[in-house]
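Numbering-wise (the UniProt record's numbering), the sequence shown opens with residue 1 and increments by one. Glycine residues also receive a C-beta, built at the ideal position from the N, C-alpha and C atoms. In this text the structure is predicted, and so the values were computed from the model without any measurement. Here's the structure we're looking at; comments come further down.
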Amino acid sequence: MYSVHQNIIKHKVGLLNLATELGNVSRACKVMGFSRDTFYRYQTAVETGGVDALIDANRRKPNLRNCVEEATEIAVADFALEQPAFGQVRVSNELRKRGIFVSPSGVRSVWLRRDLESFKKRLSALEKHIAATGAYFSLS
Numbered sequence: 001m002y003s004v005h006q007n008i009i010k011h012k013v014g015l016l017n018l019a020t021e022l023g024n025v026s027r028a029c030k031v032m033g034f035s036r037d038t039f040y041r042y043q044t045a046v047e048t049g050g051v052d053a054l055i056d057a058n059r060r061k062p063n064l065r066n067c068v069e070e071a072t073e074i075a076v077a078d079f080a081l082e083q084p085a086f087g088q089v090r091v092s093n094e095l096r097k098r099g100i101f102v103s104p105s106g107v108r109s110v111w112l113r114r115d116l117e118s119f120k121k122r123l124s125a126l127e128k129h130i131a132a133t134g135a136y137f138s139l140s
């Protein structure tokens, strides 16, 4: 018999225990609502790695966030402080002239992550930047 010391694997161990008690894998799988293929997968996992191998091993690839590179994100944030009145399309075009390729939606996603999505928020970020660095703002 297998011990049930973790709630995560309780139903898996229960299936293995029931099959051992009944002596019939098909009947145990039918009672528990599992396929026999799943039972044998659990049994192989226990034989190779012990009961701890039954902890959910996610077989999916991790879904990495579709983010721009760190250097591009910094450039977008800095440009938002330089020209807070520009929209996302104009920022994308201006950065492209500087050799930084980012789509308008990429600009928008950077702004959302850094809380710069509206003109007012970009202006207040500019004010905070000026107050923190002591830089001055000129209209020339």
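Between Gln88 and Ser105, the CB-CB gap stays under 9 Å. With fewer than 16 other CB atoms across the displayed protein chains lying within 10 angstroms of its CB, Ala131 is exposed. Given a length threshold of 4 residues, each whole run of the alpha helix (DSSP H) inside the stretch 35-101 is given here in chain order: 36-49, 70-82, 88-97. Judged by beta-carbon spacing, Leu116 lies beyond the 9 Å limit of Ala71, meaning their Cβ atoms are not closer than that value.
Between His129 and Leu95, the CB-CB gap reaches or exceeds 9 Å.
For Ser35, same chain residues with a beta-carbon under 8 Å away, outside a window of 5 residues either side, are Cys29 in chain order. Counting the other CB atoms within 10 Å of its CB gives Leu54 a total of 16 or more, which places it among the buried residues.
Of all alpha-carbon atoms in Lys12, Arg60, Glu47, Asp52, the one lying nearest the alpha-carbon of Val31 is that of Lys12. Taking 8 Å as the upper bound for CB-CB distance, Val46 and Val102 are not in contact here, some 50 Å apart. With a cutoff of 9 Å on beta-carbon distance, Ile100 and Ala75 are scored as near each other.
Rounded to whole angstroms, Leu18 and Ser26 show a C-alpha spacing of 11 Å. Taking all protein chains shown into account, Phe79 has 16 or more neighbouring C-beta atoms within 10 Å of its C-beta and is therefore buried.
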